[in-house]
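One point on numbering: in this note's numbering, the residue at position 28 of the sequence shown is 8, and numbering is uninterrupted. No residue lacks a Cβ here, since even glycine has one placed at the ideal position from N, Cα and C. Keep in mind the model is a prediction, meaning the values are calculated, not measured.
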Amino acid sequence: MARILIVEDELPMRTALSDCLAAEGYRVLTSADGEDGLRRALEEQPDLVLLDIMMPRLDGFSVCAELRRLDNPVPILMLTAKGQVNDRVDGLDVGADDYLVKPFSTEELLARVRALLRRLQRATAAPETIRLGEAEVDFLRQTASRNGREVHLSVKEFAVLRLMAETPGEPVSRQRFLDIVWGYAAFPTTRTVDNHIAGLRAKLEPNPNEPRWIKTVHGVGYKLEV
């Protein structure tokens, strides 16, 4: 089973989370402050981190930002008593994958954990590189080029393209893009997906108005033809 690191300074909450996850068969690691949590995340390489925000020594935002600065891709589910939209946005901006506001139900916690672990499994199955005519995208290094020149893709553009590359030729719905790329805690609309697709076409397609590889599936979403 997956190894999950809980970084939470409140002992009752840490114990409750640990017992809940262990009962589902997960292997649980725990830490009581941000500095130790960061160290354990780097040294023990868990499959998922449950990260509180308000902690001594190093807060959850700082832990998350440092993991992402070090290119550590571990999925992060932030747990906090803060429920304001700005706090959720801040967590996502520093690299969190999802956000859960206390108090929350055991069922919702486990559903979020399962969803993030499924996302991790899909990511490991995706190709490392794809070639679209004169364009080449390296998902491992997060680089892209066209006609030998570097092309800048945003983090979300890489994620949108990678999701399609996991199942080439199969349609991906706009809602699936929103669920997987933006996550439960964000508040985008389907127009957000359309804008990112338009950006990818402009950067990778020779004729964005008549795309050869990033195709529209009317009434559904988009697919990648490679």
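| Asked | Found |
| --- | --- |
| Give the range of the alpha helix (DSSP H) segment to which A124 is assigned. | That residue, A124, is in no alpha helix (DSSP H); its beta strand (DSSP E) goes T123 to R126. |
| Where does D51 land, buried or exposed, given buried means 16+ other C-beta within 10 angstroms? | exposed |
| Roughly how many angstroms separate the alpha carbons of T169 and L158, rounded to a whole number? | 8 Å |
| Ends of the beta strand (DSSP E) at D214? | The requested residue 214 is not part of the displayed model; the chain covers only -19 to 206. |
| If you measure from the CB of E23, is any heavy atom of the ligand ATP nearer than 7 Å? | In the structure on display, the ligand ATP does not appear, and there are no ligands present to speak of. |
| Helix, strand or coil for G71? Go by DSSP, reduced to three states. | helix |
| What distance in whole Å lies between the Cβ atoms of P55 and D77, which are believed to be in contact at a cut-off of 8 Å? | 5 Å |
| Relative to the alpha-carbon of V200, which residue among P188, Q155, E190 and H176 has its alpha-carbon at the smallest distance? | Q155 |
| For the putative contact between A(-18) and L57, defined by C-beta atoms under 8 Å, what is the C-beta separation to the nearest angstrom? | About 12 Å; that fails the 8 Å criterion. |
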